[in-house]
Amino acid sequence: MREPVLEVTIPGLSRHTSGKVRDIFLLDDAILLVSTDRISAFDVVMPNGIPDKGEVLTQLSNHWFSCVRPFINTHIISCDDSFIAMRLKEWGASLDTDTLAMLKGRCMLGVKAEPLPVECVVRGYLAGSLWAEYKAEGGEHRDVILHGIKLPGGLNESAELPTPIFTPATKATSGHDENIGMHEAVSLLGQKTADSVRDASLMIYEYTRIRSARAGLILADTKFEFGFHNGSLILIDEALTPDSSRYWEASMYAPGKSQPSYDKQFVRDWLLNSGWNREPPGPILPADIVMQTRRKYLEAYERLTGSQLQNSPD
Ligand SMILES: Nc1ncnc2c1ncn2[C@@H]1O[C@H](COP(=O)(O)OP(=O)(O)O)[C@@H](O)[C@H]1O
Ligand SMILES: [Mg+2]
0 MREPVLEVTI
10 PGLSRHTSGK
20 VRDIFLLDDA
30 ILLVSTDRIS
40 AFDVVMPNGI
50 PDKGEVLTQL
60 SNHWFSCVRP
70 FINTHIISCD
80 DSFIAMRLKE
90 WGASLDTDTL
100 AMLKGRCMLG
110 VKAEPLPVEC
120 VVRGYLAGSL
130 WAEYKAEGGE
140 HRDVILHGIK
150 LPGGLNESAE
160 LPTPIFTPAT
170 KATSGHDENI
180 GMHEAVSLLG
190 QKTADSVRDA
200 SLMIYEYTRI
210 RSARAGLILA
220 DTKFEFGFHN
230 GSLILIDEAL
240 TPDSSRYWEA
250 SMYAPGKSQP
260 SYDKQFVRDW
270 LLNSGWNREP
280 PGPILPADIV
290 MQTRRKYLEA
300 YERLTGSQLQ
310 NSPD
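Quick note on numbering: numbering that gives the first Met the number 0 labels position 151 of the sequence shown as 150, and the sequence is numbered without any gaps.
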């Protein structure tokens with residue numbers, strides 16, 4: 000097991016930006032997304048990381064990007080460590096053994112695209128912010144229309160929807176993304192692009208939820224990002240990772256309440272019992288919680304891809 004990586008520095012390159020989990024470098028017309036082992040819960044990044052989580056996220060994304068390539072072009076140039084190292088050196092990085100070891104398995108090199116200002120969310124189940132909106136509109140008692148989508152009344156929390164739906168959201172620079180309707184997506188993106196990302200998102204979801212079900216996992220909902228590259232729409236960012244998707248254990252599925260998070264439940268339960276007020280900084284996660292969570296990420300990878308993570312034997 001490797002030491003968790005909380006921050007990525009590459010001598011000779013300056014970091015472009017950091018998300019909650021990934022550190023990003025821009026290299027002319029390419030983008031390097033490096034997944035760290037940081038974990039966030041209740042929107043706060045915890046002070047300690049989950050060993051191997053970054054590698055799981057990158058490799059799982061890479062796996063899914065390959066699976067969906069028949070349907071859509073993606074931003075991926077390569078996730079191969081040696082190839083990426085060669086390119087990084089060309090861009091002026093000086094890569095010693097420690098840096099190479101730290102980067103191993105967690106890098107995704109993509110073409111730099113013009114990201115669309117909309118998160119493309121597909122939901123097959125009534126959970127999270129959609130459940131909150133459904134309840135607030137009185138959906139438990141009558142049919143409702145949410146962001147232009149008609150939903151039957153009387154559904155339980157976590158119920159399977161009659162058919163998967165596209166619920167785009169704005170990209171909030173701070174705080175939570177806001178659900179918007181197709182109507183607003185069209186005004187942000189134009190009709191043609193909005194239709195294209197809706198159709199692509201629904202198609203990718205349909206395909207990947209069937210594959211997830213074969214692994215005994217329910218892909219309740221997921222978020223895609225698209226961008227334009229040389230005039231064409233491509234799938235960018237990460238795809239179908241536990242960080243961008245809600246996976247549930249199918250054998251434990253019980254609608255009528257919120258379902259345990261496949262990957263983060265140990266962390267959430269521990270935090271809820273810790274008395275933490277949900278303001279940053281978060282408390283240090285104890286070693287057993289870290290190890291149980293690490294197991295879940297590795298297990299997700301193994302179940303969804305059918306293979307072991309290459310670089311991280313126990
Ligand atoms: N191929 C790409 N070209 C340009 N931008 C990209 C590409 N892939 C991902 N991005 C952008 O990189 C950023 C990744 O940020 P992320 O790590 O997800 O942070 P956050 O925690 O804020 O979501 C997003 O703004 C996403 O749109
Ligand atoms: Mg993101």
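Glycine included, C-beta positions come from ideal geometry on N, C-alpha and C. Keep in mind that this is a model prediction, so the values were computed, not measured.
Cβ distance (whole Å) where L234 is taken to contact V67 below 8 Å: Position 235 of the sequence shown, counted from the start, is the residue given in the question as residue 234. Position 68 of the sequence shown, counted from the start, is the residue given in the question as residue 67. Right, the Cβ-Cβ distance comes to about 7 Å (below 8 Å), so this counts as a contact.
Three-way DSSP call (helix, strand, coil) for H62 in this model: Here residue 62 is taken as the residue at index 63 of the sequence shown, counted from 1. Of the three classes helix, strand and coil, the one that applies to H62 here is helix, per DSSP.
In DSSP terms, what I30 is bridged to: Locating residue 30 in the sequence shown gives position 31, counting from the first residue. Looking at the DSSP assignment, I30 forms a beta bridge with L25 and G109.
C-alpha gap between D220 and V143, whole angstroms: In the sequence shown, the residue the question calls residue 220 occupies position 221. In the sequence shown, the residue the question calls residue 143 occupies position 144. Cα-Cα distance, rounded: 20 Å.
Identity of the residue in L12, R21 and I49 nearest D287 by Cα: Translated into the one-based positions of the sequence shown, residue 287 becomes position 288. Comparing Cα-Cα distances from D287 to each of L12, R21 and I49, the minimum goes to I49.
Is the closest heavy atom of ligand 2 to the C-beta of G18 under 7 Å? If you number the sequence shown from 1, residue 18 lands on position 19. For ligand 2, at least one heavy atom lies less than 7 Å from the Cβ of G18.
Short of 8 Å in beta carbon distance, which residues of its chain neighbour R294, apart from the five on each side in sequence? Order them along the chain. As a working mapping, residue 294 is identified with position 295 in the sequence shown. Nothing listed; no residue qualifies.
My understanding is that I30 touches K111, with C-beta atoms under 8 Å, so please give their C-beta distance in whole angstroms. Residue numbering aside, residue 30 sits at position 31 when the sequence shown is read from its first letter. Residue numbering aside, residue 111 sits at position 112 when the sequence shown is read from its first letter. Yes, I30 and K111 are in contact; Cβ-Cβ is about 5 Å, under 8 Å.
What residue ranges within the region 200-253 form continuous beta strand (DSSP E) runs of no fewer than 3 residues, ordered along the chain? 216-228, 231-235 and 244-248
Once DSSP output is grouped into helix, strand and coil, what is the label at G53? Reading the sequence shown from its first residue, position 54 is the one you call residue 53. In the structure shown, G53 sits in a helix (DSSP, three-state: H, G or I).
Let me know the secondary structure DSSP gives A84 once reduced to three states. Sequence index remark: in the sequence shown, residue 84 carries index 85 (1-based). Note: A84 maps to helix in three-state DSSP.
If you measure from the CB of D220, is any heavy atom of ligand 1 nearer than 7 Å? Here residue 220 refers to the residue found at position 221 of the sequence shown. No.
Taking H15 as the reference, which of K170, D27 and G180 has the closest Cα? Locating residue 15 in the sequence shown gives position 16, where the first residue counts as 1. The residue with the shortest Cα to Cα distance from H15 is D27.
Looking only at its own chain, which residues have a Cβ that is under 6 Å from the Cβ of C101, when we skip the five neighbours before and after it? Taking the first residue of the sequence shown as 1, we reach residue 101 at position 102. The sequence shown places Met at residue 101, rather than the Cys named in the question. Counting only Cβ-Cβ distances below 6 Å, and skipping sequence neighbours, we find V4.
May I ask which residues mark the beginning and end of the beta strand (DSSP E) holding G123? Locating residue 123 in the sequence shown gives position 124, counting from the first residue. Element bounds for G123: V117 to Y124.
Whole angstroms are fine: how far does the CA of D36 sit from the CA of G53? By one-based count along the sequence shown, residue 53 stands at place 54. By one-based count along the sequence shown, residue 36 stands at place 37. Computed Cα separation, rounded: 5 Å.
If you follow the beta strand (DSSP E) that I164 is part of, which residue opens it and which one closes it? Along the sequence shown, one-based indexing puts residue 164 at 165. I164 -> beta strand (DSSP E) spans E159 to F165.
Mind checking whether the beta-carbon of D236 lies closer than 7 Å to any heavy atom of ligand 2? On the sequence shown, position 237 is the one that residue 236 refers to. Result yes, Cβ under 7 Å from ligand 2.
Would a C-beta distance cut-off of 8 Å place A158 and P254 closer than the cut-off? Counted from its first residue, the sequence shown places residue 158 at position 159. Counted from its first residue, the sequence shown places residue 254 at position 255. Their beta carbons are under 8 Å apart, which means A158 touches P254 by this criterion.
Can you tell me the Cα-Cα spacing of T207 and L303, whole angstroms? Sequence index remark: in the sequence shown, residue 207 carries index 208 (1-based). Sequence index remark: in the sequence shown, residue 303 carries index 304 (1-based). T207 and L303: Cα-Cα distance of roughly 10 Å.
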